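Input: a single structure, listed below in structure tokens.
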Amino acid sequence: MTNYHLESDFHIVCTFFYSIVLLIAVMALLAQRNRQYRTEERMQQLWLNQIYDSYAIRSKTLQLRIKQLSDHRNVYLGDETNKNQ
65 MTNYHLESDF
75 HIVCTFFYSI
85 VLLIAVMALL
95 AQRNRQYRTE
105 ERMQQLWLNQ
115 IYDSYAIRSK
125 TLQLRIKQLS
135 DHRNVYLGDE
145 TNKNQ
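Residue 65 is where the sequence shown starts when you use my numbering, and the numbers rise one by one after that.
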């Protein structure tokens, strides 16, 4: 009976340590997954920022070009008006 009791205790202790090791492994996998998710999220954010910056630069360039064309048009129309007078 003592042998059975010791064997039973040994199985309980082994099961306890096995469950702790399993819990640590699951926590490590979840932490790795979380880091991977955050890295992917940062990469997506950087990509979106690059797209936004690209469009902002294009928009600013177009605004400056429109202003230049408008100024040129005003100068041209002003010259035509002076020539007609």
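Idealized CB from N, CA, C, for every residue including glycine.
As the structure is a prediction and not an experimental result, all values here were calculated from the model.
Using a Cβ-Cβ cut-off of 8 Å (strictly less than) and excluding sequence neighbours within five positions of residue i, which residues of its own chain qualify?
i, result
"Leu110", "none"
To the nearest angstrom, how far is the alpha carbon of residue i from that of residue j?
i, j, result
"Val139", "Ser123", "24 Å"
"Tyr101", "Met91", "15 Å"
"Tyr119", "Ser83", "54 Å"
"Arg129", "Ile121", "12 Å"
"Glu105", "Asp117", "18 Å"
"Glu71", "Thr79", "12 Å"
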